[in-house]
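Enquirer:
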Amino acid sequence: MRRSSPEPTASGLLWAAARRTPATTAGAAAAGVLAAASALLVPAALAAAVDSVLAPRAGAAPSTAVLLLLGVVATGVASAALGALATTTGVARSTAWLRRRGVAGLLGRVRPGSAALPAGDATARLTGVAAAAGRVPAMTVGVGTALLVGVTALVALALVDLWTAVAVLTLVPAGVLLARRFALRTVDAFTEYQQAQAALVTRLADALAGRRTIRASGTVEAEIARVLAPLPALRAAGARFWAQQRDLGWSFALLTPVLRIVVLAVAGLGVAGGRMTVGDAVAAVGYTELVLSGARAVDTVLEIAQCRAAAARLAAVVDRPAPGPEPGPRRPGPASGPGRARLSGVTVRLGGRTVLEDVNLLLVPGGCTAVVGASGSGKTVLVGLLGGLYRADEGVVLVDGRPITELDAATLRRTVAYAFERPALPGATLAEAIAYGRPDADDRTVADAARAARADRFVHMLPLGYRTPPADAPLSGGELQRLGLARAVAQDARITVVDDATAGLDSATEAEVEQALATVLRGRTRVIVTRKAATAAAADRVAWLHEGRIRAHAPHADLWADPEYRALFVPAGAVPVPAPVTS
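Going by the numbering used here, the sequence shown opens with residue 83, and the numbers climb by one from there.
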């Protein structure tokens, strides 16, 4: 049964981030309630103080004003302390969680055939975009607090004088309409600004990566022009964004004094007519200011909308299940097994194109299978299925009788090891890079693996040997490939996949490495993607891929009579070389 993977949304991502920090979110909410209480006590304290002096009456003694003032101080201090701690911690944790999700998603996309995200754009999403999105939970609590204060202040104002509250209510909808008018425009402009900024950063990152080529080509000025090409769009989007902010600002700046004048007029008439005391008028003005503070939260609402637009860009790259058949429950697999693998009726589609179609293949335990085919025939996708780097849209991939969709990541890494044509070397030293797939590997295991891949010779020539940082090691392409092979050997998996990982070696070194690997991996299942006839001849069987299908699965010697098969290895116009003699 096929399932479509759920696409993360901005709202879903932000809600998930808030759920990851329940304590800090609750602390920020509590701080908001205390701040609301402190703000609401201020007008009452002022009213009590004024009336106790100007118009003494029952319940308006000076002690009442003092008690209210003490309440203001206590709730204000508590809210400030708790709010600072909860908000700072919550923002930091939300941002960190969002960045981890983003990194996991980006690493999952970095594989052949998947949609690659430019480095500059990826960096922007993990830094500024994630930081903006991480502030949303805290800002949402702030908006909730402001609205709570505004609504409660309006209720308190109605209790003090109903006519003043009615006057305020007649002008509040105007503020809501203004906010609604500018919200969408501001968000659209902010999104365009982020996109233009990401385009500029991406071009700059590409230029820095290719700076030697740029200097050698004498195209520095042209490259500067190319990098800065998105600048007019960036400026235009920024100008639109700030223009929207300006228009909203002056609109609210005009609305605020109008509301104050109306309230003062109504309250003044109330005092003159005996409907209100002077203290009531002071309280009415104070509560009106609190209502205005709630209305000013619209700025934060717009900021949240902008951060939500940022979250939408981050949601596009966060980790999510790959499309394909519904996987079973993930659980550890057996610690050992013969290394038998079977692909049954496997079809894979990438980017709307069928890369593999109805592939059936059995890998015999302990055997060596060469995978050959023209460029684009699906070789890398085929071997990537064994370790879960790709997922089949149809069919099943079994390893030692278990579908790989049922195995957890740790089991898959113990079961299938990879050596790639262009391996990366993560780790602080070459030793850590070799042991990267097996963190428990000791120095002897690392050395033995390097020796099997014929990498120990050049490593020992380095001043720090295996303690050399990869960035400080002047490695050729072939040496880099041998370190990748060493890492696959150190992993000691049941199945070892060599994806064109000897292409950079000369013939003599390649033959030496393959002989050593055959010895050290004896009894292990090996799968080798190759473009060399000698490597295919040394394998037990060859899986010949043609346009996403298995055209043949037989020994190299049996296939050599087919001119189309020979053409996979022999350059056009060259004289074909007879199949190597194998025992």
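C-beta atoms are modelled at their ideal positions from N, C-alpha and C, and glycine is treated no differently.
Quick caveat, the model's predicted, so the values are computed rather than measured.
1) Run the CB neighbour count on His638, radius 10 Å, all protein chains shown included, and call it buried at 16 or more, exposed below.
2) Keeping to the same chain, check which residues put their C-beta closer than 7 Å to that of Val465; ignore five residues upstream and five downstream.
3) For the alpha helix (DSSP H) containing Leu567, list its first residue and its last residue.
4) Between the C-alpha atoms of Trp156 and Ala215, what's the straight-line distance to the nearest angstrom?
5) Going by CA-CA distance only, name the one from Thr106, Gly427 and Val132 that's closest to Leu438.
6) Which runs of the alpha helix (DSSP H) at least 4 residues long sit entirely within the region 608-653? Give them in chain order.
7) How should Pro303 be labelled, buried or exposed, when 16 other C-beta atoms within 10 angstroms of its C-beta is the threshold for buried?
8) In this structure, how does DSSP classify Arg431 when only helix, strand and coil are distinguished?
9) Give me the Cα-Cα distance between Gly232 and Ala105, rounded to the nearest whole angstrom.
10) Where Val132 and Val242 are concerned, what is the direct C-alpha to C-alpha distance, given to the nearest angstrom?
11) Alpha carbon to alpha carbon, what distance is there between His542 and Ala100?
12) When the Cα atoms are used, what is the spatial distance from Pro552 to Leu208?
13) To test your reading of the DSSP string, which unbroken alpha helix (DSSP H) runs of 4 or more residues are found completely within the region 296-329?
14) Flag this pair as touching only if the region 210-228 and the region 177-191 have three or more C-beta atom pairs under 8 Å; answer yes or no.
15) Work out the CA separation of Thr487 and Thr497 for me, nearest whole Å.
16) Rounded to the nearest angstrom, what separates Ala127 and Arg328 at their Cα positions?
17) For Ala535, which of Ala517, Pro556, Val571 and Leu282 has the nearest alpha-carbon?
18) Between Leu374 and chain C, is the shortest Cβ-Cβ distance under 8 Å, so that the two count as touching?
19) Identify the residues that DSSP records as bridge partners of Thr487: which are they?
20) Along the chain, where does the alpha helix (DSSP H) containing Val465 start, and where does it finish?
21) Check Leu443 in the structure and name its three-state DSSP category.
22) Using DSSP with H/G/I as helix, E/B as strand and the rest coil, what is Ser93?
23) Which class does Val478 belong to by DSSP, given the choice of helix, strand or coil?
24) What three-state label does DSSP hand Gly355 in the structure shown?
25) Less than 8 Å between the beta carbons of Leu341 and Ala121, yes or no?
26) What's the C-alpha gap between Tyr548 and Ala513?
27) Thr436 bridges to which residues according to DSSP?
28) For Arg606 and Ala600, I'd like the C-alpha separation in whole angstroms.
29) Tell me whether Tyr500 sits in a helix, a strand or coil according to DSSP, three-state version.
30) Buried or exposed: where does Pro521 fall if 16 or more other Cβ atoms within 10 Å of its Cβ makes it buried?
31) On the CB-based measure, 16 or more other CB atoms within 10 Å of its CB, does Ala347 come out buried or exposed?
32) Use the C-beta contact count for Asp490: other C-beta atoms within 10 angstroms, 16 or more gives buried, fewer gives exposed.
33) For Leu672 and Val185, I'd like the C-alpha separation in whole angstroms.
34) Take the Cβ of Pro314 as the centre, count every other Cβ of all protein chains shown within 10 Å, and call the residue buried at 16 or more, exposed below.
35) Let me know if Pro339 comes out buried or exposed under the rule of 16 or more other beta-carbons within 10 Å of its beta-carbon.
Expert: Taking the structure as given:
1) Buried, because 16 or more other Cβ atoms sit within 10 Å of the Cβ of His638.
2) Counting only Cβ-Cβ distances below 7 Å, and skipping sequence neighbours, we find Val453, Val579, Asp581, Val609 and Val611.
3) The continuous alpha helix (DSSP H) containing Leu567 extends over residues Gly559 to Gln573.
4) The sequence shown places Ala at residue 156, rather than the Trp named in the question. Cα to Cα, the separation comes out at about 33 Å.
5) Nearest of Thr106, Gly427 and Val132 to Leu438, Cα basis: Gly427.
6) Those alpha helix (DSSP H) runs which fall completely within the region 608-653 and span 4+ residues are 615-620, 638-641 and 645-648.
7) With the sequence shown as reference, residue 303 is identified as Glu, and Pro is not the correct amino acid for it. It is exposed - the Cβ of Glu303 has fewer than 16 other Cβ atoms within 10 Å.
8) Note: Arg431 maps to strand in three-state DSSP.
9) CA-to-CA, the gap between Gly232 and Ala105 works out to about 26 Å.
10) Those two C-alpha atoms are separated by around 15 Å.
11) Distance between the alpha carbons of Ala100 and His542 is about 51 Å.
12) Cα to Cα, the separation comes out at about 25 Å.
13) Here the runs fully enclosed are 302-309.
14) In short, these stretches touch, since the Cβ pair count reaches three.
15) Going by the C-alpha atoms only, they are around 13 Å apart.
16) Taking the CA atoms as reference points, Ala127 sits about 36 Å from Arg328.
17) Nearest option by C-alpha distance: Val571.
18) The structure shown contains no chain C; it is built from a single protein chain.
19) Thr487 pairs with nothing; no bridge assigned.
20) It spans Lys461 to Leu468 - the alpha helix (DSSP H) in which Val465 sits, taken as one unbroken run.
21) The answer is strand: DSSP assigns Leu443 an E or B state.
22) Annotated three-state conformation of Ser93 is helix, per DSSP.
23) Here Val478 carries a strand assignment [DSSP, helix/strand/coil].
24) DSSP places Gly355 outside both helix and strand once states are collapsed to three, so it counts as coil.
25) Inclusion of Leu341 and Ala121 in the CB contact set at 8 Å is not warranted, their separation being larger than that value.
26) So the alpha carbons of these two residues sit roughly 5 Å apart.
27) Per the DSSP secondary-structure output, Thr436 pairs in a beta bridge with Arg431.
28) Cα atoms of Arg606 and Ala600: separation of roughly 9 Å, rounded to the nearest angstrom.
29) Of the three classes helix, strand and coil, the one that applies to Tyr500 here is strand, per DSSP.
30) Flag for Pro521 reads exposed.
31) Ala347 comes out exposed.
32) Using a 10 angstroms sphere on the CB of Asp490, the tally of other CB atoms stays under 16, which defines it as exposed.
33) The chain is shown from 83 up to 665; residue 672 falls before or after that span and cannot be answered.
34) Burial call: exposed.
35) So Pro339 counts as exposed.
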